[in-house]
Amino acid sequence: YKKPPEDEPFTLYSELGICPWNLKRKMLMIGFRGQEIELGDQPPANVVFLIDVSGSMSPVDRLPLLKKAFKMITYQLRPIDTVSIVTYAGGVGVHLDGVKGDQTETIIEAIDSLSAGGSTYGSGGIVKAYEIAEKHFIEGGNNRVVLATDGDFNVGISDNDQLVELIKEKKETGVFLSAYGVGFSNYMDERMEQITNAGNGTYFYIDGPEEAKRAFANVFSGSMLAIAKDVKLQIQFNPKHVKGYRLIGYDNRVMSNEDFHDDTKEGGVLGNGQDMTAFIEIIPADSSEEVPPIPEGENINEEDESEFEPLEDDVYMVVRIRYKDPDSDESKLVENILKKSDIRQIPSIKYIFASAVAELGLLLRHSVYFEERDISKIIENVKKALQSDPEGAVKDFLEMVEKAHDLNP
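Residue numbers for the sequence shown follow our numbering, so the first one is 61 and each next one is one higher.
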């Protein structure tokens, strides 16, 4: 997405087109891009790396991979930054405690000393990491715990709800949480998402050296710095044009219309230079099909929309965004109107690529909304997006889709 103007925290992108896996339907793509603040202009960082060194982390794609990635991070540190390293396995260890960012040799030695072994005392490590982050807290700085694990918390607070409550409580101190997941056999994706949502952070999955480079190379100049918090999205559909919809992406973050306007209700966090995308699949008002009774979608009618001001006939929908500046508790509102004439018959490259990513995800999850499971069609669409691939992300995704096709011909 385009970079936002200097005085705006993000760019909002909306595109209304044809749904690629059901040509009778429409689909809305909504995207954000956070403002990019150069590293030299960013506030000082106080980061505690919380690293799982339990026995399950010994394979080459886990702790050894993370150690290489953390060394990349070391060379981004500035003298004004503070870094600490906490590890957890059968117990909790503190390898660095408030070391300044220009002590490169000391930091590298601490990383090299890490080795895997023992069971996982995840909650104990989290408590210690927050304790150290609070000790070195920087007013107006980027205070954060960075968790790196395969997600296998098998000792301590293993109950998801208790773990989430612990992290929510610690977030109130002004220290946020980000997480990096590794491994495959016992990786707990749902848990990682839950705890980072609770900690006003983001999480990444790293499957190899290239993804590690992409995720860690700009960790201080990238998405770990919050540009906007409590970001919420609301769509008002015009029942004259829309019969029903379902949300694709972030469907586990659905909230009521009342919560959208309630500043005490939390939303998501948008990081520095971060892109975020969601789709809404739409059944047009003139369609004869029934809207399935699903939690991520519903029928649209005049009564449902009665709490809103009625829309003009040519307005298809209104997209509303609420967000707070990182140091504010009062939200701001942004609106974007989409008209029926805005429906694109020829989609943009962004739309083609992003919808192909969504389609593969739905297919691999065996979505009931797919009448046929043809990965070859996804490959065709991804190849169309190769014409705009400055960072090689489309090429990498194409290789992954082709592997999925070979496994599911």
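Using N, Cα and C, we set each Cβ at its ideal position, and we do this for glycine too. Treat the numbers as computed from the prediction; the structure is a model and nothing was measured.
* To do: Determine the extent of the alpha helix (DSSP H) in which A275 is found, giving its start and end residues.
  => For the purposes of this step, residue 275 is identified with residue 215 of the sequence shown, where counting begins at 1. Segment P269 to F276, the alpha helix (DSSP H) holding A275.
* Quick one: which unbroken alpha helix (DSSP H) runs of 4-plus residues sit fully inside the region 96-152? Chain order, please. => Within the region 96-152, the complete alpha helix (DSSP H) segments at least 4 residues long are 123-134, listed from N- to C-terminus.
* Kindly indicate which residue of L307, D387, E369 and D323 has the alpha-carbon position closest to the one of P352. => Start at 1 with the first residue of the sequence shown, and residue 352 comes out as number 292. Ranking L307, D387, E369 and D323 by Cα distance to P352 puts L307 first.
* **Neighbour-count burial assignment, V108, 16 or more Cβ in a 10 Å radius** => Here residue 108 refers to the residue found at position 48 of the sequence shown. V108 is buried by the Cβ-count criterion.
* Asked: Nearest-angstrom Cα distance between Q254 and Y310?
  -> Reading the sequence shown from its first residue, position 194 is the one you call residue 254. Reading the sequence shown from its first residue, position 250 is the one you call residue 310. Approximately 12 Å between the Cα atoms of the pair.
* Go ahead and pull the three-state DSSP assignment for Q296. => By one-based count along the sequence shown, residue 296 stands at place 236. Here Q296 sits in strand by DSSP.
* Best match in I397, I171 and I403 for proximity to P124 [C-alpha to C-alpha] -> Here residue 124 is taken as the residue at index 64 of the sequence shown, counted from 1. P124 has its Cα closest to that of I171, out of I397, I171 and I403.
* Asked: Assuming L156 contacts V205 under a Cβ cut-off of 8 Å, what Cβ separation, rounded to an integer in Å, is found between them?
  -> Locating residue 156 in the sequence shown gives position 96, counting from the first residue. Locating residue 205 in the sequence shown gives position 145, counting from the first residue. Taking 8 Å as the upper bound for CB-CB distance, L156 and V205 are not in contact here, some 14 Å apart.
* Asked: With a Cβ-Cβ cutoff of 9 Å, do N115 and T142 count as a contact?
  -> Looking up residue 115 in the sequence shown gives position 55. Looking up residue 142 in the sequence shown gives position 82. Before going on, a small fix: residue 115 reads as Gly here, not Asn. Contact: no.
* Asked: What residues match up with L423 in a beta bridge as DSSP calls it?
  -> Counting from one through the sequence shown, the residue named residue 423 turns up at place 363. In the DSSP assignment, L423 forms no beta bridge with any residue.
* Asked: Quick one: is M87 buried, meaning 16 or more other Cβ sit within 10 Å of its Cβ, or exposed?
  -> Residue 87 sits at position 27 when you count from the first residue of the sequence shown. Buried is the label assigned to M87, since at least 16 other Cβ atoms lie within 10 Å of its Cβ.
* Asked: Taking the runs of the alpha helix (DSSP H) that are 4 residues or longer, which of them lie wholly in the region 375-439?
  -> Those alpha helix (DSSP H) runs which fall completely within the region 375-439 and span 4+ residues are 409-424.
* To do: Determine the contact status of S347 and K63, defining contact as a CB-CB distance below 9 Å.
  => For the purposes of this step, residue 347 is taken as the residue at position 287 of the sequence shown. For the purposes of this step, residue 63 is taken as the residue at position 3 of the sequence shown. Contact flag unset, no.
* **Buried or exposed (CB count within 10 angstroms, at least 16 for buried), T262** => Taking the first residue of the sequence shown as 1, we reach residue 262 at position 202. The residue in question, T262, is buried, as its Cβ has 16 or more Cβ neighbours within 10 Å.
* To do: Please state if the CB of G94 and the CB of D335 are separated by a distance shorter than 9 Å.
  => To locate residue 335, count along the sequence shown from 1; it is residue 275. To locate residue 94, count along the sequence shown from 1; it is residue 34. Yes, the Cβ-Cβ distance between D335 and G94 is below 9 Å.
* To do: Count the other CB atoms, across all protein chains shown, that sit within 10 Å of the CB of G452; report buried if there are 16 or more and exposed otherwise.
  => Counting from one through the sequence shown, the residue named residue 452 turns up at place 392. Exposed.
* Asked: Going by the beta-carbon positions, is the gap between F197 and V235 smaller than 9 Å?
  -> Position 137 of the sequence shown, counted from the first residue, corresponds to residue 197. Position 175 of the sequence shown, counted from the first residue, corresponds to residue 235. The Cβ atoms of F197 and V235 lie closer than 9 Å to each other.
* Assigned secondary structure, N317 (DSSP; H/G/I helix, E/B strand, else coil) -> On the sequence shown, residue 317 is found 257 positions in, with the first residue counted as 1. Of the three classes helix, strand and coil, the one that applies to N317 here is helix, per DSSP.
* Asked: Quick one: Cα of D374 to Cα of G304, how far?
  -> For the purposes of this step, residue 374 is identified with residue 314 of the sequence shown, where counting begins at 1. For the purposes of this step, residue 304 is identified with residue 244 of the sequence shown, where counting begins at 1. One C-alpha to the other measures close to 18 Å.
* **Collapsed DSSP secondary structure at E68 in the structure displayed** => Residue numbering aside, residue 68 sits at position 8 when the sequence shown is read from its first letter. In the structure shown, E68 falls within a coil segment according to DSSP collapsed to helix, strand and coil.
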